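Structure, as structure tokens:
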Amino acid sequence: MAYKEIYERSLSDPEGFWMEQAQAIDWDTPPSKALFADRAPLYEWFKDAQVNTCYNAVDRHVENGRGAQAAIIYDSPVTDTKRTITYAELQSQVAAIAGVLASKGIEAGDRVIIYMPMVPEALVAMLACARIGAVHSVVFGGFASHELAVRIDDATPKAIIAGSCGIEPGRVVEYKPLLDGAIEEAGHKPEFCLIFQRNEARASMIEGRDFDWVEAQEGVEPAPCTPVSGDHPAYILYTSGTTGQPKGVVRPTAGHLVALNWTMPNIYNVGPGDVFWAASDVGWVVGHSYICYAPLIHGCTTVVFEGKPVGTPDAGTFWRVISEHGVKSFFTAPTAFRAVKRVDPKGEFIAKYDLSGLDQIFLAGERADPDTIEWMQDKLGKPVIDHWWQTETGFTIAGNPWGIEQMPIKIGSPTVAMPGYDVQILSDDGHPVPDGELGAIAVKLPLPPGTLPTLWNAEGRFRKSYLDTFPGYYETGDAGMKDEDGYLWIMARTDDVINVAGHRLSTGGMEEVLAGHPDVAECAVIGVADQLKGQLPLGFLCLSSGVNRPHEEIVKEVVARVRDKIGPVAAFKLACVVERLPKTRSGKILRATMVNIANGTPYKMPATIDDPAILDEIAEALKELGYPAS
Numbered sequence: 001m002a003y004k005e006i007y008e009r010s011l012s013d014p015e016g017f018w019m020e021q022a023q024a025i026d027w028d029t030p031p032s033k034a035l036f037a038d039r040a041p042l043y044e045w046f047k048d049a050q051v052n053t054c055y056n057a058v059d060r061h062v063e064n065g066r067g068a069q070a071a072i073i074y075d076s077p078v079t080d081t082k083r084t085i086t087y088a089e090l091q092s093q094v095a096a097i098a099g100v101l102a103s104k105g106i107e108a109g110d111r112v113i114i115y116m117p118m119v120p121e122a123l124v125a126m127l128a129c130a131r132i133g134a135v136h137s138v139v140f141g142g143f144a145s146h147e148l149a150v151r152i153d154d155a156t157p158k159a160i161i162a163g164s165c166g167i168e169p170g171r172v173v174e175y176k177p178l179l180d181g182a183i184e185e186a187g188h189k190p191e192f193c194l195i196f197q198r199n200e201a202r203a204s205m206i207e208g209r210d211f212d213w214v215e216a217q218e219g220v221e222p223a224p225c226t227p228v229s230g231d232h233p234a235y236i237l238y239t240s241g242t243t244g245q246p247k248g249v250v251r252p253t254a255g256h257l258v259a260l261n262w263t264m265p266n267i268y269n270v271g272p273g274d275v276f277w278a279a280s281d282v283g284w285v286v287g288h289s290y291i292c293y294a295p296l297i298h299g300c301t302t303v304v305f306e307g308k309p310v311g312t313p314d315a316g317t318f319w320r321v322i323s324e325h326g327v328k329s330f331f332t333a334p335t336a337f338r339a340v341k342r343v344d345p346k347g348e349f350i351a352k353y354d355l356s357g358l359d360q361i362f363l364a365g366e367r368a369d370p371d372t373i374e375w376m377q378d379k380l381g382k383p384v385i386d387h388w389w390q391t392e393t394g395f396t397i398a399g400n401p402w403g404i405e406q407m408p409i410k411i412g413s414p415t416v417a418m419p420g421y422d423v424q425i426l427s428d429d430g431h432p433v434p435d436g437e438l439g440a441i442a443v444k445l446p447l448p449p450g451t452l453p454t455l456w457n458a459e460g461r462f463r464k465s466y467l468d469t470f471p472g473y474y475e476t477g478d479a480g481m482k483d484e485d486g487y488l489w490i491m492a493r494t495d496d497v498i499n500v501a502g503h504r505l506s507t508g509g510m511e512e513v514l515a516g517h518p519d520v521a522e523c524a525v526i527g528v529a530d531q532l533k534g535q536l537p538l539g540f541l542c543l544s545s546g547v548n549r550p551h552e553e554i555v556k557e558v559v560a561r562v563r564d565k566i567g568p569v570a571a572f573k574l575a576c577v578v579e580r581l582p583k584t585r586s587g588k589i590l591r592a593t594m595v596n597i598a599n600g601t602p603y604k605m606p607a608t609i610d611d612p613a614i615l616d617e618i619a620e621a622l623k624e625l626g627y628p629a630s
């Protein structure tokens, strides 16, 4: 069947379509039906099934005679380490760590926070939780103590699994002091921590609370797989909210299995035994869906890469990994290729490696700019496929179904809606707009399996954030349009979450940190265009009356505050002091107008602006910082 027939069937007969896809999963108790709508608009999928994620990702492949196949290839240029773990070895390691957790009282439904670098043990920890029905919540390794503390208080984990350190080019980031600081700050205290010690920086342990990853396994029985109900949370993953308070996206077990398994052959064009590499981090949704779960569920070999696109050691690292490990399908963020292009504009490193086994490259995480895609197509001679999805959905909303039908690529568009997603472009009053017109991108309910059914302990916030604006629809928070061929074009965010190198970060959260500085009376943070990272945060500071310290000192201090409170991932380095901020007469800061000035894009004078002269002052301040860039 061609894409159009499959897509239309997924909308006209979702029950039949998804029950067919569910046959590829090994159930302890098969679902009696696919969709449960008794709590609409809070829809659930395969709710009455009994199933185990770890069994489907690991054990069944061993039982089916593929235990000797590589499950994980670990490639770490920052530690000069390479290692292959077979499915049989992975089963043994996961069962052992699951046994440790179970021996210390972790049961189905208990939460476990995972705070790990890009090492295979991070996947082992995730799968060990899934094996016994514990709900994991991975927090990006190296996140600042305060951010980790917020997540500890929200998820209330019984245990935390952490690495002693992470390795960045030229430096070691010690995780344990950050973890200790987070536990001290948090109101909720975990019962114990399991620490994976790395030689680059071994952590000091707190007796009675901290246990060594290796030592804890001694004399402990390996744990079997525990079946859970189809609606059981597989994990909680926090994503930035417009208030700065992170939102805990819940991933349901059964729908997650069915949807991710379907994507591997149909979107990413890979089958069991093929090598798939998503160059991301386990802290982000791509790391969950496409480093850990989907490749293993489908029986592929997944690559765990600890390094950077450039500098570890050079701009040829991607090509070396692809060539050396026989990667067939590669997935990364446009930021990574912008970094490679900046260092190696002629693509000279590409010629050094045999990339004949690479069939296609996928991009997601932020808008893929045409210059970067055209450079990649020219230098690589491979299809470069953009696709669009969110932490909330867990897999592709709009993409090019490369394993079903290789649709024409329109640079700048992620192509078309995937099965189960009835994507509509709506006006502010909730009515569909004509093709070619800009509007809010929404998805008609129900969303397909595997997407979030709610937020962790925050059903009211879930409804308000996603369902209330357009009744009967899921609000994506993005603005865009459809063309006459049904291709989707993502144009902008409709809120103040900015995208820094593929990481969605809340400007509201940064403003909260800036406002905490004793000399700052008022502030605003906007996202300005950046050739490498897509966007960078830029802060405007209005100082308290009577402050006469050098502005450079204050800017330096607020930059340090953001690094300390949110972490280096925020990439917050730009700030300036201004007398006042442009506002509407009702007091709303005109951030979008400031963004237009910074980026040098045309804009209309807002009708509700209080004092137009302030925009000239903002323009002068931006000019001092080098904006607009050209």
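According to full-length UniProt numbering, the stretch in the sequence shown is residues 1 to 630, in order. A virtual CB, placed ideally from N, CA and C, is assigned to each residue, including glycine. Remember, it's a predicted structure, so these values are computed and weren't measured experimentally.
Report, in whole angstroms, the separation of the C-beta atoms of residue i and residue j, which I expect to be a contact under 8 Å.
i, j, result
"D519", "S544", "6 Å"
"I195", "A162", "6 Å"
"S137", "L237", "7 Å"
"A501", "K464", "Not quite, the Cβ-Cβ distance comes to about 29 Å (not below 8 Å), so this is no contact."
"T29", "A49", "6 Å"
"R461", "K247", "7 Å"
Using only CA atoms, which one of the options lies nearest to residue i?
i, options, result
"A621", "V595, E147, V303", "V595"
"E512", "C523, Y474, E579", "C523"
"V275", "L260, P295, V286, D281", "P295"
"F143", "G567, Y627, L615, A571", "G567"
"G273", "K573, K33, K565, T86", "T86"
"K346", "W375, E392, S137", "W375"
"Q93", "H503, W213, T601, R561", "W213"
"I498", "P227, A571, N457", "A571"
"I132", "K623, A71, A529, A95", "A95"
"P537", "G316, N599, K247", "N599"
"E174", "I152, R151, E200", "E200"
"F331", "P309, I350, D478", "P309"
Give me the DSSP bridge partner(s) of residue i.
i, result
"Q50", "T29, S229"
"C576", "F540"
"H431", "BP columns for H431 are empty, so no partner."
"Q535", "A529"
"Y115", "A162"
"W45", "L35"
"E374", "Answer is none; E374 lacks a bridge partner."
"Y487", "Answer is none; Y487 lacks a bridge partner."
"S329", "F276, Q360"
"G399", "V416"
"I425", "I441"
Taking 8 Å as the cut-off, does the CB of residue i come closer than this to any heavy atom belonging to the ligand ADP?
i, result
"A629", "Only the bare structure without any ligand can be found here, which leaves the ligand ADP out of the picture."
Could you pull out every residue in the same chain whose Cβ sits closer than 6 Å to the Cβ of residue i, ignoring the five residues on either side in sequence?
i, result
"D75", "K82, F305, V321"
"F140", "G283"
"Y268", "S329"
"A619", "I597"
"residue 654", "An answer regarding residue 654 cannot be provided, because it is not within the stretch 1 to 630 covered by the chain."
"V286", "A278, S280"
Given residue i, which residues of its chain have a CB within under 7 Å of its CB, disregarding the five upstream and five downstream residues?
i, result
"Y603", "T593, N596"
"T263", "A294, F395, T396"
"K189", "I183"
"V270", "M264, F276, C300, K328, S329"
Start and end of the alpha helix (DSSP H) containing residue i?
i, result
"T301", "From DSSP, T301 is part of no alpha helix (DSSP H) but of the beta strand (DSSP E) over 301-305."
"W388", "Careful: W388 lies outside any alpha helix (DSSP H) and carries neither H nor E."
"I167", "Note, I167: premise wrong, no alpha helix (DSSP H); beta strand (DSSP E) at 165-168."
"F362", "Element bounds for F362: not the alpha helix (DSSP H) but the beta strand (DSSP E), 360-363."
"V321", "317-325"
"R131", "120-132"
"K247", "No alpha helix (DSSP H) holds K247; the beta strand (DSSP E) holding it covers 247-252."
"Q93", "87-103"
Ordered along the chain, which non-local residues of its own chain (more than five positions away) have a Cβ less than 8 Å from that of residue i?
i, result
"I385", "Q360, I361, F362, L363, G399, N400, W402, I409, T415"
"S204", "K176"
"L101", "V112, A128, C129, I132, A134, A159, L194, A223"
Which first and last residues belong to the beta strand (DSSP E) in which residue i is found?
i, result
"Q21", "Not the beta strand (DSSP E): Q21 falls in the alpha helix (DSSP H), residues 14-22."
"K444", "439-444"
"W277", "275-278"
"S76", "70-76"
"S137", "135-138"
"D210", "210-212"
"Y474", "473-482"
"L194", "192-196"
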